[in-house]
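In the order they appear, the protein sequences are chains A and B. Counting from 1, position 134 in the first sequence corresponds to residue 134 in my numbering; the numbering is continuous, with no gaps. One gets my numbering by counting positions in the second sequence from 1 and adding 378 to each. By construction, the Cβ of each residue, glycine as well, lies at the ideal position given by its N, Cα and C atoms. One structure is given below, encoded as structure tokens.
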Amino acid sequence: MKPYRILIVGGGVGGTLLANLLVRRLRPEEAQVTLLSRDGEHVYQPGWLYVAVEDEEETELSRPEKELLRQEVFFLHDEAERFDLDRRQVWTHSGERVPYDMLVIATGSRLDLDRIPGLREGAHHFYSAVGARNLQHALRAFRGGRIVIGIGGMPFKCPVAPLEFTFLLDDYLRRRNLRQQSEIVYTFPIGRCFPIESVAELAQRYLDERAIRTEFFFDIDGIDPERRRISSLVGELEYDLAVIIPPHRGAEAIIASQIGDEEGWIPTDRYTLQMEGVEQVWVIGDATNIPISKAGSTAHYQAHVVAERITAFVRDQEPEAHYDGHVQCFLELGEGKATLLDFNYEMPPSPPRPSRFYHIAKKLFNRAYWYLIPPGRI
Amino acid sequence: MYTIKQEVDARGMACPGPLMELVRMAKKAQPGDVIAVISSDPGSIKDIPAWAEKVGHRLLEVIELDNRARKFVIEIQARKPL
């Protein structure tokens, strides 16, 4: 019997880890694993936050994808352009047809900077390498005034990142003796600073301590770069520097192939991670439509589940692994302190008392990522 | 009667949470559209009506699905001028 052809599309956290897990579990005569990725470089995206406010070197945040993959994985450096699920094949940008027996879509999310009028010209962000570098330059040139932080659209990756940026920005301005000449305004589209009440209460205490102004129900619908104003349902805010999280969308190939919703998220079973109504296709990470945090740790835990389910399928066994909604992330609170959010579908997070320990753990994890996550050590 | 145009089942989704899903749907919806979110978060009982009132949408109904989950049905209203 010929080995199963397993095709993983996307070389982010989920795709890279899953490829390595599969070739470790399955023998070459059982399966051939191909990873198709547009990017030759694998980027540790949480590091962009530190590029903006701590002068982290960008070069330390990426490594060649090929170096992270076990040698048994066939790496195809090309971009998926169209998914043909009926014929079980994917067409690439360079015109290649890649047939498969099992498909995993791990194409992540992309920024849609044109969705909000004025966003591209009027605001900064730290959700790409270029964006983080530009923000770093803008902050270096900043000499005081009002900095507004806001959410440009839902969903967005790493829901705690705007809060973390706000606290680290406060540290940054204090280090540069600019805090007294500056007002930081943290805005959020609902009635508190974070969706989860326990986390919001904790973070609000720190926002108050740091004299960071908050504006709630601030659902941004436009930016006027000329007048330096951000508009929302509840009013306008003037700014000297705006840091707005751009709206996110799923991969263009998903929209072009009409296999997802209008924003490019693929209907996915929240427990099995199988694409709704399609056999032998799984979806992990940001690409799913599951209303859960779009974050690297989500993709990480999901990759382990799909690796087990695919292994069971190949071996004609009943799959037992289910995704329980597990997400884990650090929350930086500034002044060298952080806490940890750990939760799943059944158990909401109960953050431990912020401490230096979690801050150091996060910093260590940022360095240890390359050693721990892509190879599947944890 | 109403017809729900878009619905999200956010049961067990602590983050980003049911209210953020409503914000997302409301942003894309037109005045008159009816959207719904299913939530098992006890905080939604207070949060969702408060949000709807603040941003000027109409909470049509809260349906008890079981002892944990509720469906919140919202009719999108035209944006008031500032």
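{"Query": "Buried or exposed, going by whether 16 or more other CB atoms sit within 10 Å of the CB of Val130(A)?", "Result": "exposed"}
{"Query": "Which bits of chain B does Asp224(A) rub up against, with CB to CB less than 9 Å?", "Result": "Ordered by position in chain B, no residue passes the 9 Å Cβ test against Asp224(A), which lies about 13 Å from the chain."}
{"Query": "Considering His77(A), what are the terminal residues of the beta strand (DSSP E) in which it resides?", "Result": "Phe74 to His77"}
{"Query": "Given that Leu233(A) touches chain B, what residues does it touch there, using C-beta distances under 7 Å?", "Result": "Val433 and Arg457"}
{"Query": "For Trp48(A), which of helix, strand or coil comes out of DSSP?", "Result": "helix"}
{"Query": "With respect to the beta strand (DSSP E) encompassing Arg309(A), which residues constitute its N-terminal and C-terminal limits?", "Result": "Element bounds for Arg309(A): not the beta strand (DSSP E) but the alpha helix (DSSP H), Gly296 to Val314."}
{"Query": "When the Cα of Leu103(A) is compared with those of Gly296(A), Phe313(A), Arg249(A) and Ile151(A), which residue comes out closest?", "Result": "Phe313(A)"}
{"Query": "List in chain order: all unbroken beta strand (DSSP E) runs of 3+ residues lying wholly within the region 259 to 289 of chain A.", "Result": "281 to 283"}
{"Query": "Should Tyr239(A) go down as buried or exposed, given a rule of 16 or more other Cβ atoms within 10 Å for buried?", "Result": "buried"}
{"Query": "Would you kindly work out how many angstroms separate the C-alpha atoms of Gln408(B) and Ile266(A), rounded to a whole number?", "Result": "23 Å"}
{"Query": "Of all the CB atoms in chain A, is at least one closer than 8 Å to the CB of Leu397(B)?", "Result": "yes"}
{"Query": "Taking Cβ positions, are Ile230(A) and Val148(A) nearer each other than 8 Å?", "Result": "yes"}
{"Query": "Helix, strand or coil for Met154(A) per DSSP?", "Result": "coil"}
{"Query": "At a cut of 8 Å, does the region 96 to 116 of chain A reach the region 349 to 367 of chain A through at least three beta carbon pairs?", "Result": "no"}
{"Query": "Give every residue of the same chain whose Cβ lies closer than 7 Å to the Cβ of Gly40(A), excluding the five residues on either side of it in the sequence, and list them in chain order.", "Result": "Pro64, Glu65 and His77"}
{"Query": "Looking only at its chain, what residues have a beta carbon closer than 7 Å to the beta carbon of Ala19(A), apart from the 5 residues adjacent to it on each side?", "Result": "Ile8, Val33, Leu35, Leu69 and Val73"}
{"Query": "List, in chain order, every chain A residue whose beta-carbon is nearer than 9 Å to that of Asp409(B).", "Result": "Strictly speaking, residue 409(B) in this sequence is Pro, with Asp absent from that position. Correct list: empty, because the minimum Cβ distance to chain A is about 13 Å."}
{"Query": "What are the start and end residues of the beta strand (DSSP E) that includes Pro99(A)?", "Result": "Arg97 to Pro99"}
{"Query": "Using 8 Å as the limit for Cβ to Cβ distance, is Ser293(A) near chain B?", "Result": "yes"}
{"Query": "Between which residues of its own chain and Asp224(A) is the CB-CB distance below 6 Å, once the five residues before and five after are set aside?", "Result": "Gly118"}
{"Query": "Using the rule of at least 16 other Cβ atoms within 10 Å of the residue's Cβ for burial, across every protein chain shown, is Gly10(A) buried or exposed?", "Result": "buried"}
{"Query": "Within 10 angstroms of its Cβ, does Ile423(B) collect 16 or more other Cβ (buried), or is it exposed?", "Result": "exposed"}
{"Query": "For Leu21(A) and Ile378(A), I'd like the C-alpha separation in whole angstroms.", "Result": "11 Å"}
{"Query": "Taking the beta carbon of Ala211(A) as the centre, do at least 16 other beta carbons fall within 10 Å, making it buried, or is it exposed?", "Result": "exposed"}
{"Query": "I want to verify the contact list: residues of chain B whose CB lies under 7 Å from the CB of Tyr206(A), in sequence order.", "Result": "The premise fails here: Tyr206(A) is roughly 18 Å from chain B at the closest Cβ pair, so nothing lies under 7 Å."}
{"Query": "Taking the continuous alpha helix (DSSP H) assigned at Pro64(A), which residues delimit it?", "Result": "Per DSSP, Pro64(A) belongs to no alpha helix (DSSP H); it is in the beta strand (DSSP E), Ser62 to Pro64."}
{"Query": "Between the C-alpha atoms of Val234(A) and Gly222(A), what's the straight-line distance to the nearest angstrom?", "Result": "12 Å"}
{"Query": "Please report the straight-line C-alpha distance between Ile255(A) and Glu81(A), rounded to a whole angstrom.", "Result": "10 Å"}
{"Query": "Based on the DSSP secondary-structure assignment, which residues constitute the bridge partners of His42(A)?", "Result": "Arg63(A)"}
{"Query": "When burial is assigned at 16 or more other CB atoms within 10 Å of the CB, is Ile136(A) buried or exposed?", "Result": "Reading the sequence as shown, one finds Gln at residue 136(A) and not Ile. The residue in question, Gln136(A), is buried, as its Cβ has 16 or more Cβ neighbours within 10 Å."}
{"Query": "Would you say Asp444(B) reaches chain A, if we count a Cβ-Cβ gap shorter than 8 Å as a contact?", "Result": "no"}
{"Query": "Let's see if you can read the secondary structure: which residues bound the alpha helix (DSSP H) around Lys405(B)?", "Result": "Pro396 to Lys406"}
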